[in-house]
Structures are given as structure tokens and as C-alpha cells.
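The structure appears right after this line, and notes come after that.
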């Protein structure tokens, strides 16, 4: 690769990361990478994570995903190999390796399975960040139709790290082992609001009356954002149009009454609003068109999102 090409690309990307707000830098960074479609640059983009001064930690946490997601979406020669190399490189940061694992699940290359399975061994690490890497690999495998991470995901629900527990809930949301509803119900009582949200989302996706009954108490959750999201999500199932910017979300009592009234009266008009997964014992294999639909339970999108920039932004949430 010509040195001037590499140095010019690096310089532009670093400038974007240094000086632009996240919402703008995400779009600009994606443009820079997409305009430099030379295959020789792909490994560079995967590994390039310049230190960004004064960037909030939550925003910095998004950057690995942005770079890797963008590269994965290009379908250039050598991308799966570059991603697998980052995943297996113990010298890389756990965040970057997690991003590579997630991108391999998105990319859909069957050759990635072996490397992702190898990353599952980190489930026994003393380092919480590496245990999180194992859970990210389990999610990527589930997207490829491989349920190797099922047992470790169940075990990780009791991990001391809130991040690991959150990822475990999300992994089970993809793997869907027998008894998943019971596991999510237990996770609703987790002290971490991100874990509770992930479990709530999984149960709402199941959409059965039994699953929704488990979710309803979260309408009175001490975390106001979680309570609001519960009201909005369940409200959609029962035909309530709730705009959090305008309306006061219904509390648990009102939401429960509306939900039970719909079920008691057999309101067929609301039936299409229920999201039913069907067979909960089979892993959900996502298509490339739907790859961004699980950008993160804290900011899920309602449909496919075509840009890596948007995918990155859905991952940026307070922790």
C-alpha cells in the first residue's frame, strides 16, 4: 500500500474523530472509509482506533463498532480474514475484539465459526472484559446458526459484571434455549437497569400473554427511562399510541388494566400488534438485510438500518 495513501487516510480519520461530535463523526468516518475501498486498507480500518481526547467514555465505546461495522459492510476481499485476525489477537483491546466478533456475526461468513468458537474460552477468564468478549462471540455464533454459546450464556446470567450479564441476556435472546422465558423473568430482577431492559425486550419480543404479564411491573421501575420504555413497548402491543415527548406514560396499574382488558375481550384488532417468536427452541438466524436490528437493546431500531454509522449510534448508551 502506498505510504501516502495510508497516511492520508489515517490523517483524515483522526481529524474526524478528534474534532466532530459523535453524531456527525459517525457519518463522516463512514464516508472516509467507504471512499477508501482499496482491499489493502481493510485491515488498517479494522485495527485503526486512535486515542480520542476528551471524548465521553460511552462515545469512545462506540468507535470500535463503527470502524469494524463499516468495514464489514463493504464486502471487500480480505475483510473476514482481517476481522478474524483482530478477534484472535490478544494484543488488541477487548473492546476492539468484541467489535470484530460482532462484525463477523454480521458478515455471515461460515469460515468465522471456528475463530468465534475459540473465543468462547474467555468465559472462564478472571477479566470481565474478556468474559464479555466470550458473550459477544456467542451472539455472533447464534446469528450464524451455531448455539455453542448457550450454556456459557446461561451461566453468565449470574456473573459479577453487569456488562457480562447484559450480554448474556442478549445472547439468549438470539439462541433461545429451552426455558428462556424463565431465565429472562429472573433477569427482570437484576439490580442493573441495562440487564432489566434487555430481559424486558426479549420478553416483549416473545409477545405471549404470559411473557407480557412478567414485563408489566417494569412500568413502575425506579429507573424512569426503563419504566417509560416498558409503557411504550407494551402500549404498542395493545394499541396505545404513546409519545414520550408529549404524553405521560401510563403507570403499571393503567397499563395492566388495558392489557388485561384486551385479552379478556379477545380484541382481534390488536392481535397483529403482538410480536410472537414462534419456536423458542431454535436460534434466530438474521439476514444481512436485518443485521442492524439488534444494534443494542438500549436503543433498538424498528427496522433495518442501512448504515454502520447508525449501527454505532444505537450502541451508545449510558452505563
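Numbering (the UniProt record's numbering), first residue to last: 1 to 319. We treat Cβ as the ideally placed atom computed from N, Cα and C, and that holds for glycine.
Item: Meets three-Cβ-pair contact criterion under 8 Å: the segment 143-152 and the segment 178-192; Value: no
Item: Reduced DSSP secondary structure (H/G/I, E/B, other) of residue 104; Value: helix
Item: Residues near residue 132 by beta carbon distance below 8 Å, same chain, minus five either side; Value: 94, 98, 161, 163, 164 and 167
Item: CB-CB length for residue 85 against residue 140, believed under 8 Å; Value: Going by Cβ atoms, the distance from residue 85 to residue 140 rounds to 15 Å, so no, they are not a contact pair.
Item: Pairwise C-alpha distance: residue 197 and residue 137; Value: 21 Å
Item: Residue burial classification, residue 145 (beta-carbon count within 10 angstroms, cutoff 16); Value: exposed
Item: Sequence-distant residues of its chain with Cβ nearer than 6 Å to residue 199 (five each side left out); Value: 169, 184, 187 and 188
Item: For residue 301, the three-state DSSP class (helix, strand or coil); Value: Unreliable placement is indicated for residue 301, whose pLDDT of 27 sits below 50; the coordinate value is still reported in the next sentence. Three-state DSSP puts residue 301 in coil, outside helix and strand.
Item: Exposed unless 16 or more other CB atoms sit within 10 angstroms - verdict on residue 91; Value: exposed
Item: Span separating the alpha-carbon of residue 190 from that of residue 177; Value: 20 Å
Item: Beta carbon of residue 123 nearer than 8 Å to that of residue 101; Value: no
Item: Proximal residues to residue 306 (C-beta, below 6 Å), its chain only, five neighbours per side dropped; Value: Bear in mind that a pLDDT of 39 at residue 306, under 50, signals an unreliable position, so the model cannot answer this.
Item: Residues of its chain near residue 352, where Cβ-Cβ distance is below 8 Å and the 5 sequence neighbours each way are ignored; Value: Past the boundaries of the shown model lies residue 352; the chain is included only from 1 to 319, so the question cannot be answered.
Item: Beta-carbon proximity check, residue 214 vs residue 230, cutoff 8 Å; Value: no
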